[in-house]
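Visitor: Sharing a structure below in C-alpha cells format, with a few things to ask.
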Amino acid sequence: MNIEQIKDHEHNISEKGWTVFRSLYSQEQINIANQELEEIRPVYDAVQKEQGVYQETKNAYHHTVVMSPAQLALINPNPLHDFLEHFFNGRYILNTMGTSYIEPNTGIYTQNIHRDIRSFSDQARLMVNVLIMLDDSTEENGATWMLEGSQNTGKKPDNGYFFKNAIRATGKAGDVLVFDGNIWHAAGENKTDKPRRIITPFFSKPLMKQGLDYPRAFGYDFAHRIPDQLKQILGYNALTPTTISEFYKPREKRFYKADQG
C-alpha cells in the first residue's frame, strides 16, 4: 500500500467516516476462518448459556481471536499496518477482535443504532473499527448502515433520521470496511436464507484499555514466539505494571514502552 492510497483512505474516513479496502484477504483465508468459526460457535454458545446471557449475546462472539488461529493469522502480518500507523500517527494495538453472525430473519443487538467508542472523542483519533467480510455483504443480507459525517457529532440520531439518511457499506468476501470509532452505524436485517458473517477487529491507541487483556489471554511467554509487529498489536508493549518493582524496571524492560504514546 503506497502513501497515495493511504491518504485516499484517510480522506474517506475524515470526510465520510468510513472507507473500504477491496480484496484484502484471499478466498482461502476466508474459507479457513469460516470453518474455524463454525467449530468454536458451540463453545461460545455454551459459555453464554452458562453465564445466563445467551439471549442478549447470541450470534455475537467476542474475542474469538483467542480461540481461532485463522483469525490471528489475519493480523499476522496486519495488511492494514501501514495505514493504521499513519492514521494514528504512531503505534496502535488491538482493542478487541470478535465475530458477528447475522442469521436470516433473526435479530441481533448490533442492529440497534450505536457507536463502538462509548465516549465521544471528537477529532482525537483514539479508535477505528474494522469489519472483515467473511461473506459478501449486500443490502439483502444485512450490510452495515453508515451515517456519513456523524463521526463529528456526539448526539445520537433518532431512528427516522438515521435510516432516511444512512447508506449501506456493501462489499465482497475478503473486503475490509474501516470506519471512525465515533460514527453512528447499525447492522442491517438479513432477508436471505444464508448467514452474513463478519470479523470485527478494533484498533486503538495503546493508551486505551483493551476489551480483553490479550497478553494475559495468550500468555506472557507467547510474546517470545511471535513477530515484533504482532507483539505490538496484541499489546505486549503497553502492559500495566502490577507491582512497584515492575514499575521501576530499567527503561529497556519497562512494561509500557516509551514509544506507545
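Residues in the sequence shown are numbered consecutively from 1355, following our numbering.
In this text, a Cβ means the ideal position worked out from N, Cα and C, and glycines have one as well.
Quantities reported herein were computed from a predicted structural model and do not represent experimental measurements.
Grab me the residues of Met1500's own chain with a C-beta within less than 7 Å of its C-beta, minus the 5 sequence neighbours each way, in chain order.
Guide: Answer for Met1500: Gly1371, Trp1372, Ala1520, Ile1521, Ala1523, Phe1533, Ile1537 and His1539, listed in chain order.
Visitor: Pick from Arg1551, Ala1478, Glu1410 and Gln1477: whose alpha carbon is nearest that of Lys1526?
Guide: Lys1526 has its Cα closest to that of Arg1551, out of Arg1551, Ala1478, Glu1410 and Gln1477.
Visitor: Hey, could you find the ends of the alpha helix (DSSP H) Thr1507 is sitting in?
Guide: Per DSSP, Thr1507 belongs to no alpha helix (DSSP H) and is neither H nor E.
Visitor: Applying the 10 Å Cβ sphere with the 16-neighbour rule, what's the burial state of Thr1594?
Guide: By the neighbour-count rule (16 or more Cβ atoms within 10 Å), Thr1594 is not buried but exposed.
Visitor: For His1440, collect the residues of the same chain with a Cβ closer than 6 Å to its Cβ; drop the 5 residues on either side in sequence, then sort them by chain order.
Guide: Within the same chain, His1440 has close Cβ partners Ile1360.
Visitor: Quick check on DSSP: helix, strand or coil for Asp1529?
Guide: Reduced to three states, the DSSP call for Asp1529 is coil.
Visitor: Could you tell me which residues DSSP pairs with Leu1448 in its beta bridges?
Guide: Phe1557.
Visitor: Shortest alpha-carbon distance to Gly1496 belongs to which of Ile1471, Ser1454, Asp1470 and Phe1442?
Guide: With distances taken between Cα atoms, Gly1496 lies closest to Ser1454.
Visitor: Note down, one range per segment and in chain order, each beta strand (DSSP E) of at least 3 residues found wholly within the segment 1362-1390.
Guide: Runs of the beta strand (DSSP E) inside the segment 1362-1390: 1372-1375.
Visitor: So what does DSSP say about Ile1429, is it helix, strand or coil?
Guide: Correct three-state label for Ile1429: coil.
Visitor: Please state whether DSSP places His1539 in a helix, a strand or coil.
Guide: In this structure, His1539 counts as strand in the three-state DSSP scheme.
Visitor: To which residues of the same chain is Tyr1398 closer than 6 Å at the C-beta, ignoring the five residues directly before and after it?
Guide: Contacts found: Tyr1415.
Visitor: Determine the contact status of Asp1470 and Gly1535, defining contact as a CB-CB distance below 9 Å.
Guide: Contact: yes.
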